[in-house]
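Trainee:
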Amino acid sequence: MSYQQTLPNSFSSDDSESQIRKPANGDAECVSGFLEGHRHFIGGLGRHQLGDYIIKRQIGRGGMGVVYEAEQISLGRRVALKTLPFASVLDPKQVIRFKNEAQAAAGLHHPNIVPVYGVGNERGVHYFSMQLIQGQSLDEVIRELIELADHGQEGASDRLQAVCNDTTADACGTTETVRAEPRKPTVSRCFSTCKSVQEANYVRSVAELGKHAADALHYAHEHGVIHRDIKPSNLMLDRQGKLWITDFGLARITNSQSITVSGDLIGTARYMSPEQAGGRLHEIDHRSDVFSLGATLYEMLTLTPAFHGESREQLLRAVEFHGPESPRKRNPSIHVDLETILLKSLEKRRDDRYATAGELADDLANFLEGRPPKAKRPGPMEHAFRFAARHRNWVVAGFLVLCLLLAVVSTSAMLLNQQRQKTIAESALASEHLRETQRVVDNFGALVDQRLEHIAGTQRLRIDLLRELEKYYESFVTKTADQPSFDLDLATTRFRLGAVHQRLGEHELSRDFYLAALAGFERLRHLAPESNELIADVALCHNNLGQVADSQGDFSVAREEYELSIAGYRQLVLRGAPRGRTGFARTSMNLGLLLASNNDPDAARVLEQSLESLTALASRDPENLNIQDQLALCENNLASVVLDRDRGRAEHLLRRAVKRYNYLADRRPASPEHKGDRALAISNLAAVLATGDDRKSAIYLLEEVVELRRSLVESEPDVMVHATSLVMAYHQRGQLFATEGDIESAINEYDLAKKMLEQTMLRFPLSDRLASDMARTLSNLAVLSARIGKSSEAISMIEEAIEHEATAIRLAPGDDRYIHLMQHHQTRLAELKVQS
Numbered sequence: 001m002s003y004q005q006t007l008p009n010s011f012s013s014d015d016s017e018s019q020i021r022k023p024a025n026g027d028a029e030c031v032s033g034f035l036e037g038h039r040h041f042i043g044g045l046g047r048h049q050l051g052d053y054i055i056k057r058q059i060g061r062g063g064m065g066v067v068y069e070a071e072q073i074s075l076g077r078r079v080a081l082k083t084l085p086f087a088s089v090l091d092p093k094q095v096i097r098f099k100n101e102a103q104a105a106a107g108l109h110h111p112n113i114v115p116v117y118g119v120g121n122e123r124g125v126h127y128f129s130m131q132l133i134q135g136q137s138l139d140e141v142i143r144e145l146i147e148l149a150d151h152g153q154e155g156a157s158d159r160l161q162a163v164c165n166d167t168t169a170d171a172c173g174t175t176e177t178v179r180a181e182p183r184k185p186t187v188s189r190c191f192s193t194c195k196s197v198q199e200a201n202y203v204r205s206v207a208e209l210g211k212h213a214a215d216a217l218h219y220a221h222e223h224g225v226i227h228r229d230i231k232p233s234n235l236m237l238d239r240q241g242k243l244w245i246t247d248f249g250l251a252r253i254t255n256s257q258s259i260t261v262s263g264d265l266i267g268t269a270r271y272m273s274p275e276q277a278g279g280r281l282h283e284i285d286h287r288s289d290v291f292s293l294g295a296t297l298y299e300m301l302t303l304t305p306a307f308h309g310e311s312r313e314q315l316l317r318a319v320e321f322h323g324p325e326s327p328r329k330r331n332p333s334i335h336v337d338l339e340t341i342l343l344k345s346l347e348k349r350r351d352d353r354y355a356t357a358g359e360l361a362d363d364l365a366n367f368l369e370g371r372p373p374k375a376k377r378p379g380p381m382e383h384a385f386r387f388a389a390r391h392r393n394w395v396v397a398g399f400l401v402l403c404l405l406l407a408v409v410s411t412s413a414m415l416l417n418q419q420r421q422k423t424i425a426e427s428a429l430a431s432e433h434l435r436e437t438q439r440v441v442d443n444f445g446a447l448v449d450q451r452l453e454h455i456a457g458t459q460r461l462r463i464d465l466l467r468e469l470e471k472y473y474e475s476f477v478t479k480t481a482d483q484p485s486f487d488l489d490l491a492t493t494r495f496r497l498g499a500v501h502q503r504l505g506e507h508e509l510s511r512d513f514y515l516a517a518l519a520g521f522e523r524l525r526h527l528a529p530e531s532n533e534l535i536a537d538v539a540l541c542h543n544n545l546g547q548v549a550d551s552q553g554d555f556s557v558a559r560e561e562y563e564l565s566i567a568g569y570r571q572l573v574l575r576g577a578p579r580g581r582t583g584f585a586r587t588s589m590n591l592g593l594l595l596a597s598n599n600d601p602d603a604a605r606v607l608e609q610s611l612e613s614l615t616a617l618a619s620r621d622p623e624n625l626n627i628q629d630q631l632a633l634c635e636n637n638l639a640s641v642v643l644d645r646d647r648g649r650a651e652h653l654l655r656r657a658v659k660r661y662n663y664l665a666d667r668r669p670a671s672p673e674h675k676g677d678r679a680l681a682i683s684n685l686a687a688v689l690a691t692g693d694d695r696k697s698a699i700y701l702l703e704e705v706v707e708l709r710r711s712l713v714e715s716e717p718d719v720m721v722h723a724t725s726l727v728m729a730y731h732q733r734g735q736l737f738a739t740e741g742d743i744e745s746a747i748n749e750y751d752l753a754k755k756m757l758e759q760t761m762l763r764f765p766l767s768d769r770l771a772s773d774m775a776r777t778l779s780n781l782a783v784l785s786a787r788i789g790k791s792s793e794a795i796s797m798i799e800e801a802i803e804h805e806a807t808a809i810r811l812a813p814g815d816d817r818y819i820h821l822m823q824h825h826q827t828r829l830a831e832l833k834v835q836s
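The numbering of the sequence shown is full-length UniProt numbering, which starts it at 1 and goes up by one.
#1: How about H286: is its C-beta nearer than 8 Å to some C-beta of chain C?
#2: Report all residues from its chain with a CB closer than 6 Å to the CB of A808; omit the five preceding and five following residues, and keep chain order.
#3: Around the C-beta of G789, are 16 or more other C-beta atoms found within 10 angstroms, so that it is buried, or is it exposed?
#4: Given 8 Å as the limit, is there contact between the region 522-531 and the region 559-571, that is, 3 or more CB pairs closer than that?
#5: How many Å lie between I73 and L50 at the Cα?
#6: Assuming contact is defined by CB atoms lying nearer than 8 Å, are M774 and S785 in contact in what I supplied?
#7: Does the Cβ of V658 have 16 or more other Cβ atoms within 10 Å, making it buried, or fewer, making it exposed?
#8: Going by C-alpha to C-alpha distance, which of R280, G568, I142, S311 sits closest to N234?
#9: For M272, name the three-state secondary structure that DSSP assigns.
#10: In the structure shown, what three-state DSSP assignment does M589 receive?
#11: Assign E749 to one of two classes, buried (16 or more other C-beta atoms within 10 Å of its C-beta) or exposed (fewer than that).
#12: Just the Cα atoms here: how many angstroms apart are T760 and R678?
#13: Considering only C-alpha positions, which residue in the set V225, R239, R270, Q240 is nearest to G249?
#14: Among P622, A214, D139, V688, whose alpha-carbon lies nearest the alpha-carbon of V641?
#15: Measure the CB-CB distance between L593 and G580 and report whether it falls below 8 Å.
#16: What is the DSSP secondary structure of S597, reduced to helix, strand or coil?
#17: Near G210, what residues of its chain come up, given a Cβ to Cβ distance below 6 Å and the 5 sequence neighbours on each side ignored?
#18: Counting pairs of beta carbons, one from the region 199-217 and one from the region 78-85, are three or more of them closer than 8 Å?
#19: Who are the Cβ neighbours of H825 in its own chain at under 7 Å, not counting the five residues just before and after it?
#20: Of the residues L829, L281, Q276, M300, which one's Cα is nearest the Cα of K348?
#21: Quick check: what's the CA-CA separation for E122 versus E71?
#22: Looking at the secondary structure, which residues open and close the beta strand (DSSP E) in which H126 lies?
#23: Report buried or exposed for A491, applying the criterion of at least 16 other Cβ atoms within 10 angstroms of its Cβ.
#24: Report the CB separation of H286 from T356 in whole angstroms; it is logged as a contact under 8 Å.
#25: Which of helix, strand or coil does DSSP assign to L82?
#26: So R496 packs on V548, CB below 8 Å; how close in whole Å?
#27: Do L638 and E608 count as a contact pair if the criterion is CB distance below 8 Å?
#28: Here's the rule: buried if 16 or more other CB atoms are within 10 angstroms of the residue's CB, otherwise exposed. What is R370?
#29: Using C-beta distances below 6 Å, list every residue in its chain close to V705, excluding the 5 sequence neighbours before and after it, in chain order.
#30: Buried or exposed, going by whether 16 or more other CB atoms sit within 10 Å of the CB of K144?
#31: With 16 as the cutoff for other CB atoms within 10 Å, does D816 come out buried or exposed?
#32: In whole angstroms, what is the alpha-carbon distance linking F513 and R828?
#33: What separation, rounded to the nearest whole angstrom, lies between the Cα atoms of V538 and S565?
#34: May I have the straight-line CA-CA distance separating E744 from E793, to the nearest angstrom?
#35: Just verifying my parser: in three-state terms, what is the DSSP assignment at I788?
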């Protein structure tokens with residue numbers, strides 16, 4: 001294929017900018033004359049020979065020379081041979097630069113730097129040979145990805161493979177289209193799984209390439225070589241996806257004589273560092289390469305140059321004085337840590353960048369391995385100081401004028417407004433202190449509550465903490481209820497009070513505070529109807545009100561609240577607001593569970609919507625553990641809904657959920673909630689396998705469930721649900737053993753359940769749930785005992801079961817489930833007596 005598409009103005013060719021000063025028309029004529037002479041010279045050598053090399057074909061041409069594919073006769077290997085044009089021989093600077101390039105590259109032996117094999121001069125033709133790289137430069141990769149984005153039809157990997165099949169790149173960063181036999185893909189190994197640059201895999205691949213480039217640059221800097229022209233066309237990928245740094249034609253070797261005179265602009269404008277763009281040659285050092293690499297990675301990640309300008313002068317000014325646009329605005333899939341790394345490398349002042357390319361490589365490695373980078377984003381004060389440093393003269397002049405004006409104005413106003421200003425200042429200060437206290441309490445309370453959640457045996461401590469938060473929030477409401485400036489803070493605090501009471505299980509109080517918060521947010525939204533934050537706050541209130549109604553068994557109110565919440569979040573999704581997709585997915589799942597619990601046929605549809613939304617979020621941010629957790633929960637819930645009509649789909653969903661929970665277990669603290677969710681998914685998968693006659697696999701899975709449930713009981717014995725869940729796991733195993741005909745093992749499982757219930761009932765003697773669970777355990781033991789001929793023991797057990805079920809009915813007289821179970825036990829007793 002050939003590259004016929006015209007690039008946007010902002011993506012001009014790198015080769016034309018290798019050195020800022022262009023040759024005059026006379027120079028162009030000399031070059032043209034050289035080409036004819038050069039062809040004549042090589043043709044006259046026989047077999048197109050130059051020294052120890054047989055010329056095969058021309059593979060590249062740039063401002064610093066012509067590159068051929070050649071064969072080294074003495075060693076029988078293919079090489080890239082770079083020659084200096086005859087016209088350039090007449091310019092001593094060009095000759096020195098050519099030799100400088102060979103000397104700089106020849107002294108570097110790094111796996112990511114193209115090695116030089118030899119240097120020579122044959123009949124006035126200067127040349128050097130180097131490793132021939134079959135691949136593609138990054139500027140061609142960028143060009144193809146832009147074309148891909150414009151067409152929007154083919155996958156990135158397919159298009160890139162097509163590019164690489166037709167393109168050969170030389171070791172100097174120049175490319176040409178070759179209509180020879182197809183070649184193997186070059187960059188497809190790096191981007192083979194990417195359909196778009198807005199994918200996590202692509203972003204990680206670029207970060208990986210950047211790490212290798214930074215490592216190689218650090219090695220070069222450590223050996224006294226500064227490249228000074230890092231850009232996409234001088235970074236190459238070979239067929240294995242390995243990155244190579246090429247073209248050291250503008251490199252500076254420490255302690256060598258400089259051939260650059262004052263006023264020369266060395267490098268390529270779009271990728272120059274500010275000190276290069278400003279012609280401050282004495283400031284150019286290894287940190288200039290760090291800046292250029294940052295600009296290259298920025299363009300790879302966004303397909304947009306970091307700096308723009310309609311003319312070269314405007315572009316140079318942008319590089320020197322203007323910061324780049326946030327890369328995440330161009331490509332939202334760029335992780336915030338990677339954006340921090342990019343912006344650190346693109347700082348205007350050398351001292352604000354990474355001190356070495358090695359530090360940049362280390363931070364990129366931190367990002368790739370999931371660790372936070374060492375680079376930190378500058379705060380507002382640091383931004384101000386940096387601005388002042390860059391514009392010192394203007395800042396000083398402005399400061400002096402401002403001081404003069406302030407002196408005049410303040411003198412006249414001070415006497416008139418001193419007392420009033422003092423009062424206002426004190427009031428504002430008090431308000432700010434109150435808000436700051438609120439923020440500290442919010443952050444501290446949430447942090448401690450989250451930390452305690454991951455520590456076994458802290459349930460009571462968490463309740464005490466929530467009670468203290470409740471007292472503080474109520475105090476804040478009392479102090480600010482009649483102050484309009486605190487309307488948003490007041491609504492937010494009432495919402496938090498609702499959340500505290502919800503976590504404590506106090507549903508009526510929780511509902512009242514959520515309604516009060518909702519009213520406050522609605523009033524504020526009336527004043528600012530386009531505020532995405534207020535729309536999200538209102539939607540979240542409706543979601544939590546739905547949860548409270550669901551807990552109270554009010555199906556119609558819960559459904560109405562969830563649907564109002566979904567409507568708000570859908571509005572945010574259409575606007576592309578950050579909180580929209582997450583909120584939509586969460587509330588859709590809540591509504592789906594509500595509908596499923598009431599056998600509503602819409603449950604599956606709603607849960608499918610939630611699954612689709614969560615899957616999209618996970619594809620954008622696969623490292624986000626909270627999204628992975630929500631996705632596993634949704635898969636588990638949807639499986640329970642579709643099980644009756646599609647057992648295969650249910651099994652598939654549960655296997656994915658279990659796999660996701662296992663992945664999460666290796667990457668986050670094992671809190672009780674996390675263990676419980678994981679155990680539930682495994683238990684559900686076991687149940688589905690059992691219905692498919694794979695009972696042995698089900699029994700094996702339930703062994704893991706028992707271990708998880710037992711560890712929860714041991715760590716939090718005061719949480720009753722851990723015990724009842726463990727009893728349920730014993731029941732499942734007992735039923736499967738009985739079905740398999742292993743009565744002894746089945747009885748053993750029910751005995752374990754009975755012992756667990758006896759221990760738990762000592763802690764919770766008034767629990768109707770525990771009484772009913774004990775009744776069912778004894779009833780099942782009775783059936784198994786009868787099957788092995790122990791009829792009298794079976795009758796005694798079923799009679800005891802009836803007593804426990806009667807206790808459950810007495811403790812919860814309105815629960816019809818216990819009455820139905822009682823009738824079942826009585827029928828079973830009658831059958832046992834007949835059989836005996």
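Beta carbons: idealized from backbone N, C-alpha and C, even for Gly. Everything numeric in this text was worked out from a predicted model, so none of it was measured.
Mentor: Looking at the atomic coordinates:
#1: Among the protein chains of the structure shown there is no chain C, as only one such chain exists.
#2: In the sequence shown, the residue the question calls residue 808 occupies position 808. The answer, listed in chain order, is D768, A771, S772, Y818.
#3: As a working mapping, residue 789 is identified with position 789 in the sequence shown. Exposed is the call here.
#4: Remark: fewer than three beta-carbon pairs, one from each stretch, lie closer than 8 Å, so the region 522-531 and the region 559-571 are not flagged as touching.
#5: By 1-based counting over the sequence shown, the position of residue 73 is 73. By 1-based counting over the sequence shown, the position of residue 50 is 50. Between I73 and L50, the C-alpha separation is close to 10 Å.
#6: Walking along the sequence shown from the start, residue 774 turns up at place 774. Walking along the sequence shown from the start, residue 785 turns up at place 785. For M774 and S785, no; Cβs fall outside 8 Å.
#7: On the sequence shown, position 658 is the one that residue 658 refers to. V658 comes out buried.
#8: Walking along the sequence shown from the start, residue 234 turns up at place 234. That would be I142, whose Cα lies nearest to the Cα of N234.
#9: Taking the first residue of the sequence shown as 1, we reach residue 272 at position 272. Three-state result, M272: coil.
#10: Start at 1 with the first residue of the sequence shown, and residue 589 comes out as number 589. Of the three classes helix, strand and coil, the one that applies to M589 here is helix, per DSSP.
#11: Here residue 749 is taken as the residue at index 749 of the sequence shown, counted from 1. Counting Cβ neighbours within 10 Å, E749 comes out buried, since at least 16 surround it.
#12: Within the sequence shown, residue 760 is the residue found at index 760, counting from 1. Within the sequence shown, residue 678 is the residue found at index 678, counting from 1. Roughly 23 Å separates the two Cα atoms.
#13: Numbered from its first residue, the sequence shown carries residue 249 at position 249. Considering only alpha carbons, the answer is V225.
#14: The residue given as residue 641 occupies position 641 in the sequence shown. Comparing Cα positions, the closest option is V688.
#15: Residue mapping note: residue 593 aligns to position 593 of the sequence shown, counting from 1. Residue mapping note: residue 580 aligns to position 580 of the sequence shown, counting from 1. No, the Cβ-Cβ distance between L593 and G580 is not below 8 Å.
#16: Counting from one through the sequence shown, the residue named residue 597 turns up at place 597. Helix at S597.
#17: Translated into positions along the sequence shown, residue 210 becomes position 210. Cβ within range, chain order: L297, L364.
#18: no
#19: One-based indexing of the sequence shown puts residue 825 at position 825. Hits under 7 Å: A775, S779, I798, A801, I802, E805.
#20: Along the sequence shown, one-based indexing puts residue 348 at 348. The candidate whose alpha carbon is nearest that of K348 is Q276.
#21: Within the sequence shown, numbered from 1, the residue matching residue 122 stands at position 122. Within the sequence shown, numbered from 1, the residue matching residue 71 stands at position 71. Spanning the two alpha carbons is a distance of roughly 16 Å.
#22: Here residue 126 refers to the residue found at position 126 when the sequence shown is read from its first residue. Its beta strand (DSSP E) spans residues 125-131.
#23: As a first step, residue 491 must be located in the sequence shown, where it is residue number 491. With 16 or more other Cβ atoms within 10 Å, it is buried.
#24: For the purposes of this step, residue 286 is taken as residue 286 along the sequence shown, with counting starting at 1. For the purposes of this step, residue 356 is taken as residue 356 along the sequence shown, with counting starting at 1. Their Cβ separation, rounded to whole angstroms, is 7 Å, which keeps H286 and T356 in contact under 8 Å.
#25: By one-based count along the sequence shown, residue 82 stands at place 82. Note on residue identity: the sequence assigns Lys, not Leu, to residue 82. In the structure shown, K82 sits in a strand (DSSP, three-state: E or B).
#26: Indexing the sequence shown from 1 puts residue 496 at position 496. Indexing the sequence shown from 1 puts residue 548 at position 548. Contact flag wrong, Cβ pair sits at about 15 Å.
#27: Taking the first residue of the sequence shown as position 1, residue 608 is located at position 608. Taking the first residue of the sequence shown as position 1, residue 638 is located at position 638. Their beta carbons are under 8 Å apart, which means E608 touches L638 by this criterion.
#28: The sequence position of residue 370 within the sequence shown is 370, counting from 1. The question names Arg, but residue 370 in the sequence shown is Gly. Residue environment for G370: exposed (fewer than 16 other C-beta atoms within 10 angstroms of its C-beta).
#29: In the sequence shown, counting from the first residue as 1, residue 705 sits at position 705. Around V705: A679, I682, S683, A729.
#30: Within the sequence shown, numbered from 1, the residue matching residue 144 stands at position 144. In the sequence as displayed, the identity of residue 144 is Glu instead of Lys. With 16 or more Cβ atoms within 10 Å of its Cβ, E144 is classed as buried.
#31: Translated into positions along the sequence shown, residue 816 becomes position 816. D816 is exposed by the Cβ-count criterion.
#32: The sequence position of residue 513 within the sequence shown is 513, counting from 1. The sequence position of residue 828 within the sequence shown is 828, counting from 1. About 49 Å.
#33: Along the sequence shown, read from residue 1 onward, the residue named residue 538 stands at position 538. Along the sequence shown, read from residue 1 onward, the residue named residue 565 stands at position 565. V538 and S565: Cα-Cα distance of roughly 8 Å.
#34: Within the sequence shown, the letter at position 744 stands for residue 744. Within the sequence shown, the letter at position 793 stands for residue 793. When rounded, the distance between both Cα atoms is 15 Å.
#35: Numbered from its first residue, the sequence shown carries residue 788 at position 788. I788 falls in the coil class under three-state DSSP.
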